[in-house]
Amino acid sequence: MTDYWLSKLFFDLQAPGAGAEYRADRGKVLARYPLADEVKKALLADDVTFLASRVNPYLLRYYFGAAGMSDEVFRRKLRESKSEVQHG
Amino acid sequence: MAKFVGAFAASHAPLIARDWPLLTEARRNEMTAAYRELGRRMDAVAPDVIIELSPDHWVNFFLDNLPSICIGVGDAHEGPPEPFMQKFPYRPIKGHAALGQHIAATALARDFEPSISHRLTLDHGFCIPLWKMELASLPPLVPIIVNDLEPPMLSVRRCFAWGRLLAAAIASSPDPNLRVAILATGGLSHSIGEPNMGAIDEGFDHACIRAFTDGAEAPLVDFLEARMAGAGNGTHEVRNWVIAHAAAGNRGFDLIDYRAVPEVYVGCGFASWRV
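Quick mapping for you: the protein sequence lines, in order, are chains A and B. Going by my numbering, the first residue of the first sequence is number 34, and it counts up by one from there. Going by my numbering, the first residue of the second sequence is number 585, and it counts up by one from there.
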């Protein structure tokens, strides 16, 4: 399932200055997008497993980079997401 | 009739630019040597224009407007916007409008339906090879964006058709003295933003290289249709190599270098086709 507005948020965060604004105040930026409550909750919780099922993987990577997560932590969370899916 | 003088392939990866200082000296030397050899071969055929095939990494296009193929038909294009590409030396990037328009017209006349753009922004996919090849001078480009990122994507068989179309467009170009080269960027195996991000499928890569080296169309199509999707989402960029391969007449290629480079998450391949 592709979540258009979640994808649009991730796409928009590539713009100059957008990542810094998001890191400073996530809630302010999220208010501009018609996101479902469960999606906002996942964003605020850095829930990689939930978000990964809704966006293109490249956008997912851009997003967590813009949000300030290191590649090392992102990759660990991705591996954990695979484990979570496998173990249900 | 323009002259089709060469076809080449090179991998790209953001980390080749962003993390270049973090790579070991040995790794930097290996990659520099491969890109330079590719550049030497490109310079040797002295192209007046390069048709470059690359994906768009969510720079020009988004889900509200996502062409399968977009031909750059303008006389200039923007350089890469990524912060780690600030030192890219060619801005703006000169385009070859006449050849771009001719390719687009040839495509439409032969029942292909490309999108066109008069000014693209060329991201790291296009620009890392152009930068690292250290060409004597950068000739004008006809950039062609191939959707390798978001399904649905071109079938491998359709990529062959696009390659043959490019060859026909070059052959029918009205400028008899124009020297045209093709550069395909992307691949080989890599996985980005997936649970196995960073994994490189060396078995796939070596089998892929063998299939390109042998050249025959049917085995290459069968192999890629069966294996490409399972080798990581970034591996879809091999479609660009297929287009170059078909444009060059399926005569196989000479591998310049292949290395699995886990530091940049990519199985890096460099090759020149027999044209």
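Beta carbons: idealized from backbone N, C-alpha and C, even for Gly.
Cβ of R87/A less than 8 Å from any chain B Cβ? Your numbering for residue 87/A matches position 54 in the first sequence. For R87/A, no CB of chain B lies under 8 Å from its own CB, so it is not counted at the interface with that chain.
So E662/B packs on P676/B, CB below 8 Å; how close in whole Å? Locating residue 662/B in the second sequence gives position 78, where the first residue counts as 1. Locating residue 676/B in the second sequence gives position 92, where the first residue counts as 1. That belief holds up - the Cβ atoms of E662/B and P676/B are roughly 6 Å apart, short of 8 Å.
Got a sec: which bits of the stretch 88-104 of chain A sit with their beta carbon under 8 Å from any beta carbon on chain B, in order along the chain? Within the stretch 88-104 of chain A, the qualifying residues are N89, P90, Y91, L92, L93, R94 and Y95.
If distances are taken between C-alpha atoms only, which option among A601/B, H596/B and I729/B comes closest to C743/B? Stepping through the second sequence from its first residue, residue 743/B is reached at position 159. Of A601/B, H596/B and I729/B, the residue nearest in Cα terms is I729/B.
Report the CB separation of L46/A from Y37/A in whole angstroms; it is logged as a contact under 8 Å. Looking up residue 46/A in the first sequence gives position 13. Looking up residue 37/A in the first sequence gives position 4. L46/A to Y37/A, Cβ: 15 Å. No contact.
Confirm, please, whether the CB-CB distance from Y66/A to W642/B is below 8 Å. For the purposes of this step, residue 642/B is taken as the residue at position 58 of the second sequence. For the purposes of this step, residue 66/A is taken as the residue at position 33 of the first sequence. No, they are not a contact pair.
In the DSSP assignment, find the beta strand (DSSP E) that holds A637/B and state where it starts and stops. Taking the first residue of the second sequence as position 1, residue 637/B is located at position 53. For the sequence presented, residue 637/B should be read as Leu rather than Ala. V633 to S638 is the span of the beta strand (DSSP E), which, as asked, contains L637/B.
Backbone CA spacing between P598/B and E697/B [nearest angstrom]: Numbered from its first residue, the second sequence carries residue 598/B at position 14. Numbered from its first residue, the second sequence carries residue 697/B at position 113. C-alpha separation (whole angstroms): 30 Å.
Using a Cβ-Cβ cut-off of less than 7 Å, give me the residues of the stretch 637-656 of chain B that come near chain A, in sequence order. Correct list: H641, W642, F646 and L647.
Which word fits R794/B, buried or exposed, when buried means at least 16 other C-beta atoms lie within 10 angstroms of its C-beta? Indexing the second sequence from 1 puts residue 794/B at position 210. Burial call: exposed.
Taking only three categories from DSSP, how would you classify N613/B? Mapped onto the second sequence, residue 613/B falls at position 29. Assignment of N613/B by DSSP, reduced to helix, strand and coil, places it in the helix class.
Quick one: using the 10 Å Cβ neighbour count with 16 as the cut-off for buried, is K61/A buried or exposed? Taking the first sequence and counting its residues from 1, one reaches residue 61/A at position 28. Counting other Cβ atoms within 10 Å of its Cβ, K61/A stays below 16 and is therefore classed as exposed.
For the beta strand (DSSP E) holding F592/B, just list the boundary residues, first then last. Along the second sequence, one-based indexing puts residue 592/B at 8. First-last of the beta strand (DSSP E) with F592/B: K587 to A594.
Could you list the residues in the stretch 720-735 of chain B with a C-beta less than 8 Å from some C-beta on chain A, going in chain order? Flagged, chain order: L733 and E734.
In the DSSP output, what is C654/B paired with across the bridge? Against the second sequence, residue 654/B aligns to sequence position 70. Paired residues: S699/B and I729/B.
Three CB pairs or more closer than 8 Å across the stretch 591-606 of chain B and the stretch 685-697 of chain B: With a cut-off of 8 Å on Cβ pairs, the stretch 591-606 of chain B is not in contact with the stretch 685-697 of chain B, counting fewer than three such pairs.
Thinking M737/B and M626/B are a contact (beta carbons under 8 Å), I'd like their distance in whole angstroms, please. Numbered from 1 along the second sequence, position 153 holds the residue referred to as residue 737/B. Numbered from 1 along the second sequence, position 42 holds the residue referred to as residue 626/B. Actually they are not in contact, since the Cβ atoms of M737/B and M626/B sit about 27 Å apart, beyond 8 Å.
Taking only runs that begin and end inside the stretch 751-789 of chain B, name each unbroken beta strand (DSSP E) of 3 or more residues, in chain order. Complete beta strand (DSSP E) runs here, min 3: 763-769.
What residues match up with E662/B in a beta bridge as DSSP calls it? Within the second sequence, numbered from 1, the residue matching residue 662/B stands at position 78. Paired residue(s): T705/B.
Is DSSP giving W857/B helix, strand or coil here? Position 273 of the second sequence, counted from the first residue, corresponds to residue 857/B. The three-state secondary structure of W857/B, taken from DSSP, is strand.
Going along the chain, which residues of its own chain have a beta-carbon closer than 6 Å to the beta-carbon of L647/B, five neighbours each way excluded? As a first step, residue 647/B must be located in the second sequence, where it is residue number 63. Within the same chain, L647/B has no close Cβ partners at all.
Roughly how many angstroms separate the alpha carbons of L719/B and Y619/B, rounded to a whole number? Here residue 719/B refers to the residue found at position 135 when the second sequence is read from its first residue. Here residue 619/B refers to the residue found at position 35 when the second sequence is read from its first residue. Computed Cα separation, rounded: 10 Å.
Which of helix, strand or coil does DSSP assign to G121/A? Position 88 of the first sequence, counting from 1, holds the residue named residue 121/A. Below a pLDDT of 50, predicted positions are generally treated as unreliable, and G121/A, at 49, falls in that range; the measurement from the model is reported next regardless. Judged by DSSP in its simplified three-state form, G121/A adopts coil rather than helix or strand.
Along the chain, where does the beta strand (DSSP E) containing D36/A start, and where does it finish? Within the first sequence, numbered from 1, the residue matching residue 36/A stands at position 3. The continuous stretches of beta strand (DSSP E) do not include D36/A, and DSSP gives it neither H nor E.
Are at least three pairs of beta-carbons, each pair with one atom in the stretch 752-762 of chain B and one in the stretch 832-843 of chain B, less than 8 Å apart? With a cut-off of 8 Å, the stretch 832-843 of chain B and the stretch 752-762 of chain B do not count as touching, because too few Cβ pairs lie within range.
Might you give, ordered along the chain, the residues of its own chain that have their beta carbon closer than 6 Å to the beta carbon of L750/B, omitting 5 neighbours on each side? Translated into positions along the second sequence, residue 750/B becomes position 166. Sequence-distant partners of L750/B (beyond 5 residues in either direction) whose C-beta falls short of 6 Å from its own C-beta, in its chain, are A831.
Any beta carbon of chain C sitting closer than 8 Å to that of L39/A? Structure shown: chain C not included; protein chains present are A and B.
Give me whichever residues DSSP pairs with V55/A in a beta bridge. Counted from its first residue, the first sequence places residue 55/A at position 22. According to the sequence as given, residue 55/A is Tyr; it is not Val. Paired residues: none, contrary to the question.
When you compare only the Cα positions, how much space is there between S103/A and R94/A? On the first sequence, position 70 is the one that residue 103/A refers to. On the first sequence, position 61 is the one that residue 94/A refers to. S103/A and R94/A have their C-alpha atoms some 10 Å from each other.
Tell me where the alpha helix (DSSP H) around Y95/A begins and ends. Position 62 of the first sequence holds residue 95/A. Taken as a continuous stretch (DSSP letters only), the alpha helix (DSSP H) holding Y95/A covers P90 to A99.
Within 10 Å of its beta-carbon, does M615/B have 16 or more other beta-carbons around it, so buried, or fewer, so exposed? On the second sequence, position 31 is the one that residue 615/B refers to. Buried, because 16 or more other Cβ atoms sit within 10 Å of the Cβ of M615/B.
Do G782/B and R108/A come within 8 Å of each other at the CB atom, strictly closer than that value? As a working note, residue 108/A is residue 75 in the first sequence. As a working note, residue 782/B is residue 198 in the second sequence. Cβ distance < 8 Å, so R108/A and G782/B count as in contact.
Would a C-beta distance cut-off of 8 Å place L767/B and I634/B closer than the cut-off? In the second sequence, the residue the question calls residue 767/B occupies position 183. In the second sequence, the residue the question calls residue 634/B occupies position 50. Result yes, Cβ atoms of L767/B and I634/B sit closer than 8 Å.
Going by DSSP, which residues form a beta bridge with F646/B? In the second sequence, the residue the question calls residue 646/B occupies position 62. Paired residue(s): N649/B.
Interface residues of chain B facing L46/A [CB-CB closer than 7 Å]: Taking the first residue of the first sequence as 1, we reach residue 46/A at position 13. Near L46/A there are no residues of chain B at all, since even the closest Cβ is about 11 Å away, more than 7 Å.
Does any CB atom of chain B fall closer than 8 Å to the CB of K115/A? Here residue 115/A refers to the residue found at position 82 when the first sequence is read from its first residue. For K115/A, at least one C-beta of chain B is nearer than 8 Å to its own C-beta.
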